[in-house]
Amino acid sequence: KAGVTQTPRYLIKTRGQQVTLSCSPISGHRSVSWYQQTPGQGLQFLFEYFSETQRNKGNFPGRFSGRQFSNSRSEMNVSTLELGDSALYLCASSFEQGARSNEQFFGPGTRLTVL
Amino acid sequence: AQKVTQAQTEISVVEKEDVTLDCVYETRDTTYYLFWYKQPPSGELVFLIRRNSFDEQNEISGRYSWNFQKSTSSFNFTITASQVVDSAVYFCALSDTDSGSARQLTFGSGTQLTVLP
């Protein structure tokens, strides 16, 4: 079974631009979560989507947004990029129901560099 | 609020030594889950184990073992007979109902493990 895939793997942008990152969950997983990883702040939860609805959101400004499609694929968007947005963005998917519903499986991440 | 502390920032051991990674957590919930993930240099977080708050049984999986003690709010991870391939950053994480979603993980700051040949 294919794992979580994220595209692109690497991205370089300049301040003020916007960026869209994509995540395809494991087949059968309907919940998708996003995390930001930086050396200073570590791993921080961004948001979670299920059934095309945002179910939970972390403490990030409104410049960070996301969406989920009917096939469970998810995108996250960051507008008006700042230098501090440089990070590894990780996507995770999980089953919605059952005993293993909160076991999250992560993709390889997208490394975003803002110049 | 929930919190996970991994006091060991970096650990170096020589191959075949045993090593224990410490994890201390804080939560107000009585129902919560604890996780360990491994992050090799490639960046992908690899799921290792999940433990719920009602199951204090220790677990062993090959060279890996986990010791969960609610009395001390700790969930420590031991690698027996370490190998060079175990070199990675290891994260302990917590999810509870207080965070709004069972799928919102609160991570510790990670422990960089280096196994020297």
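Just so you know, the sequences run in chain order A and B.
Heads up: the first sequence is residues 1 to 115, going by the working numbering.
Heads up: the second sequence is residues 1001 to 1117, going by the working numbering.
From the three backbone atoms N, C-alpha and C, an ideal C-beta is built for every residue, glycine too.
- In chain order, Gly42, Leu43 make up the part of chain A whose C-beta sits under 7 Å from the C-beta of Phe1107 (chain B).
- Of all residues in the region 74-90 of chain A, only Leu88, Leu90 place a beta-carbon less than 9 Å from a beta-carbon of chain B.
- According to DSSP, residue pairing for Thr7 (chain A) in a beta bridge involves A:Ser22.
- At a cut-off of 9 Å between C-beta atoms, Glu1044 (chain B) counts as an interface residue with respect to chain A.
- Judged by beta-carbon spacing, Leu81 (chain A) lies within the 9 Å limit of Gln18 (chain A), meaning their Cβ atoms are closer than that value.
- Interface annotation, Tyr1090 (chain B): not in contact with chain A, CB-CB separation never under 9 Å.
- Cβ contact annotation for Asn1058 (chain B) (same chain, cutoff 8 Å, sequence separation greater than five): Ser1065, Trp1066, Asn1067, Phe1068, in chain order.
- Excluding its 5 nearest sequence neighbours in each direction, Glu103 (chain A) has C-beta neighbours in its own chain below 7 Å: Ser94, listed in chain order.
- Taking 9 Å as the threshold, the shortest C-beta distance from Ser65 (chain A) to chain B does not fall below it.
- Lys1070 (chain B) carries a helical assignment under DSSP once its states are collapsed to helix, strand and coil.
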